[in-house]
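Structure record follows, encoded as structure tokens.
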Amino acid sequence: MVAVGLVGVLVACSGGNQPANPTKVPTFASSPSSAPPFAGKVPASCDPVARFGDVNAAVGHQLTGTANQIVGIPEASIGRTARLDCYYGIPPNQAITTGVLSIGISSYGTQAQAQHRVLETVNEARDTGYVASTVRVGAMNADLLAGTSQEIVLSAGNLTILVSAANGVLAAGNIGPALIALATKALNAAQHA
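Below is the structure:
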């Protein structure tokens, strides 16, 4: 008797007079973006990028020498519109470019030109024996390059970021984290420039 009553309730609940309640299926864009849009520009100086103390904190020890910068010029042949290179650990009486660690930020006319420059940098490094691996810098993909120096390179919008440290500057277990931390500082400085 109970079974017959239960069947009656089920039939009444599934009667044909009630409207169907279709399940809503989420839709996705056909080509999702791999990174959020990035807007920024090359800072006017290295102060907002990383001070010497910031670099020392990231590498985990005190670098000797001084810090300095080179403000680059546009280079139409590759689409570059601006450039800033920050050098740290410059030995006494040596050229700025002898710094043992550098952070470079460049802007290009288009996002495609920036991505192309990163691809060229990675390919040139591989051609000279560097080993490349992919890491994340915030929401961005970046290439970690290990060879005659330790580097991280990425594009963000129409900008490129390159952080490079001479071998021996970064402790083996701190290479990735230190380069990611400095690349993150460069991205933040570019967003607020």
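Numbering (this note's numbering) for the sequence shown: 40 to 232.
We put the CB at the ideal spot given by N, CA and C, even for glycine.
Burial state of residue i, where buried means 16 or more other Cβ atoms lie within 10 Å
i, result
"PRO130", "exposed"
"ARG175", "exposed"
"ILE214", "buried"
"GLN133", "exposed"
"LYS200", "According to the sequence as given, residue 200 is Ile; it is not Lys. Buried, since its Cβ has 16 or more Cβ neighbours within 10 Å."
"GLY128", "buried"
"ALA89", "buried"
Straight-line Cα distance separating residue j from residue i
i, j, result
"GLN108", "VAL139", "13 angstroms"
"LYS187", "GLY99", "Here residue 187 turns out to be Thr, not Lys, going by the sequence shown. Using only the alpha carbons, I get a separation of about 20 angstroms."
"VAL94", "ALA204", "11 angstroms"
"LEU158", "PRO82", "23 angstroms"
"ASN162", "ALA185", "13 angstroms"
"GLU151", "GLY212", "For the sequence presented, residue 151 should be read as Ala rather than Glu. When rounded, the distance between both Cα atoms is 34 angstroms."
"SER69", "ILE135", "Model confidence at SER69 stands at a pLDDT of 38, short of 50, so the residue's coordinates are unreliable; what they give is reported in the following sentence. Near 48 angstroms, if we compare the C-alpha coordinates of ILE135 and SER69."
"THR103", "LEU218", "18 angstroms"
"SER141", "ARG165", "20 angstroms"
"LEU198", "GLY148", "9 angstroms"
"PRO216", "GLY143", "18 angstroms"
"VAL208", "ASN180", "24 angstroms"
"ALA115", "SER146", "12 angstroms"
"THR160", "PRO113", "18 angstroms"
"ASN227", "ALA220", "11 angstroms"
"GLN189", "GLN154", "20 angstroms"
"GLY118", "GLN101", "37 angstroms"
"ASP124", "ASN206", "19 angstroms"
First through last residue of the alpha helix (DSSP H) which encompasses residue i
i, result
"ILE214", "214-230"
"GLN152", "150-166"
"ASP86", "Counting along the chain, ASP86 falls outside any alpha helix (DSSP H), and DSSP gives it neither H nor E."
Cβ separation of residue i and residue j, assumed to be a contact under 8 angstroms, to the nearest whole Å
i, j, result
"GLY196", "PHE77", "4 angstroms"
"VAL170", "ASP182", "About 10 angstroms separates the two Cβ atoms, so there is no contact after all."
"GLN230", "GLY111", "Rounded, the Cβ-Cβ distance is 20 angstroms, inconsistent with contact."
"ALA232", "PRO87", "7 angstroms"
"TYR126", "ALA97", "Rounded, the Cβ-Cβ distance is 15 angstroms, inconsistent with contact."
Residue span of the beta strand (DSSP E) that contains residue i, given as start and end
i, result
"THR199", "198-205"
"LEU123", "119-129"
"TYR169", "Note, TYR169: premise wrong, no beta strand (DSSP E); not H, not E."
"GLY111", "105-111"
"VAL192", "188-195"
"ILE144", "140-147"
"LEU184", "179-185"
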